[in-house]
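Numbering (the numbering used here), first residue to last: 9 to 299.
The beta-carbon is built from N, C-alpha and C at its ideal position, and this holds for glycine as well.
Data first, discussion second: the structure below is written as C-alpha cells.
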C-alpha cells in the first residue's frame, strides 16, 4: 500500500521545514505533498530548498487561498490521482508524529473496510492528552458545544463517557480532529472531501457528516499519540482570539444551514448565541481568564 502525507502551508514555511526534517526519512511515507496555499510571504521560495534534499517531496501551489479544506483537497487529489496513494495522512505543519503511528493508522484502515478516517490521541502543550474524537450534534448540541461556559457545564452530556474508552485499543467516533488524520484516499474523494465553502473551522464535522452519509466510519486509535503545538500556524494568520472566534461562528452557521437545514428562526437564535459568546470572551479577557 502507498501512503502519502499532505501538508498545507500558508505563510509558515519555517514550521513546514521543521516537520519535513523530522519525517523526511520515514520509510512508510511513499511521498510527501506540500501545498502552498497562495502564501503572501516568501514561503514558496523557501520551500524550494526541499527539492535538493528530498526526492520524494512534491510541491504544489494553489492559485488562491481558498482555506483549509480547498488546500488539503488539492493535496489529496494529487496524492491519489497522480501518486496513486491508497492512504493519505493529512497533517498540519505544527504537529509531531512517529513512524509507528503512521503504520498503525494505515494498518487499521487496511483491515476494516467500513473505515474512511483514523487518527490517534492528541497531545497538546496547553491541554495535555485529549481524546480527540467527538459526537456529531444537532442544532442545540452545536450551540451548547460552542459556549465557553456551557460546554464545560454540559461536558458529560456532549462528549462520549469515559467508560466508552476504557480497556480498548480503538473506538469508533463520529468526528476527529483535523490537525492530523489518515484518510482512505478514494473514500475521502468519493465523499467529496472537505467542503470548500468553509474557509476554516468546523471542517471536521462537515467531513464526518459527508463520510457518515456514505456509510463510512471514523476511528480513534487509543494506543498511539501525536503532538499538536496548539494551532501555531493558525495563530500566525489570525492573531486575535476574537477574529478566530468570529470565523468559527461563520463556519458553524454554514454547517447549520447546509447540513442541519436550519431556518430563519434558528439562524436568529444562533446569531444571538454567538454574540453572547463574544461577550463572554471579552469579559474573560478583562478578568485575565483564558478559554
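Would a C-beta distance cut-off of 8 Å place residue i and residue j closer than the cut-off?
i, j, result
"residue 188", "residue 100", "yes"
"residue 227", "residue 178", "yes"
"residue 116", "residue 108", "no"
"residue 112", "residue 35", "no"
Leaving aside the five residues before and after residue i along the sequence, list all residues of the same chain whose C-beta is less than 7 Å from its C-beta, in chain order.
i, result
"residue 150", "260, 264"
"residue 267", "214, 217"
"residue 257", "282"
"residue 79", "16, 43, 45, 70"
For residue i, collect the residues of the same chain with a Cβ closer than 6 Å to its Cβ; drop the 5 residues on either side in sequence, then sort them by chain order.
i, result
"residue 224", "124, 195"
"residue 27", "101"
In angstroms, rounded to a whole number, what distance separates the CA positions of residue i and residue j?
i, j, result
"residue 45", "residue 136", "30 Å"
"residue 246", "residue 70", "Residue placement at residue 246 cannot be trusted, given a pLDDT of 47 that sits under 50; the coordinates are not used to answer."
"residue 181", "residue 58", "36 Å"
"residue 40", "residue 12", "6 Å"
"residue 24", "residue 212", "22 Å"
"residue 290", "residue 82", "37 Å"
"residue 192", "residue 16", "18 Å"
"residue 164", "residue 273", "28 Å"
"residue 166", "residue 63", "46 Å"
"residue 156", "residue 254", "14 Å"
Relative to the ligand PLP, is the shortest distance from any of its heavy atoms to the C-beta of residue i smaller than 7 Å?
i, result
"residue 105", "You won't find the ligand PLP in this model; it holds no ligand whatsoever."
From which residue to which residue does the alpha helix (DSSP H) around residue i run?
i, result
"residue 34", "Taken as a continuous stretch (DSSP letters only), residue 34 belongs to no alpha helix (DSSP H), as it is neither H nor E."
"residue 153", "147-154"
"residue 78", "76-85"
Once the 5 residues before and after residue i are set aside, which same chain residues still bring their CB inside 8 Å of it?
i, result
"residue 48", "19"
"residue 129", "137, 138, 139, 140, 228, 229, 230, 232, 233, 234"
Can you tell me where the beta strand (DSSP E) holding residue i begins and where it ends?
i, result
"residue 14", "11-17"
"residue 192", "188-192"
"residue 60", "Run containing residue 60: none; DSSP gives neither H nor E here."
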